[in-house]
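Just below is one structure, and these are the notes that go with it.
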Amino acid sequence: MNLLHYDFIEVYFNCLGNLPSDITPLLAQTIENVDVLGDMEAAWTNFVESGQVWALIIGVFIGYVFKGFTSY
């Protein structure tokens with residue numbers, strides 16, 4: 000299956016002439032076990048545990064106060 004998929008992409012882009020054949024193997028890669036929600040949950044957990052959420056909240060507050068001082 001992968002060989003057929005690779006051949007199709009290589010023939011398609013070589014006929015168009017837009018991409019060199021050195022790049023086509025990158026387009027034929029398959030990604031398995033994609034867990035988007037699990038990755039988002041892990042990223043959010045790391046964001047909270049590392050304290051970056053507090054930096055975000057403090058930065059938004061200071062930015063809002065600074066905007067208040069500089070606008071009339």
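Numbering (numbering that gives the first Met the number 0), first residue to last: 0 to 71. Note that beta-carbon positions come from the ideal geometry of N, C-alpha and C, so glycine has one too.
- For the pair V52 and F60, the CB atoms are not nearer than the 8 angstroms cut-off.
- DSSP, reduced to helix, strand and coil, places N32 outside both helices and strands of the structure shown, so it counts as coil.
- Assigned with DSSP and collapsed to three states, G62 falls in helix.
- The three-state reading of DSSP puts G50 in coil, since its state is none of H, G, I, E or B.
- Rounded to the nearest angstrom, the gap between the Cα atoms of F68 and N32 is 50 angstroms.
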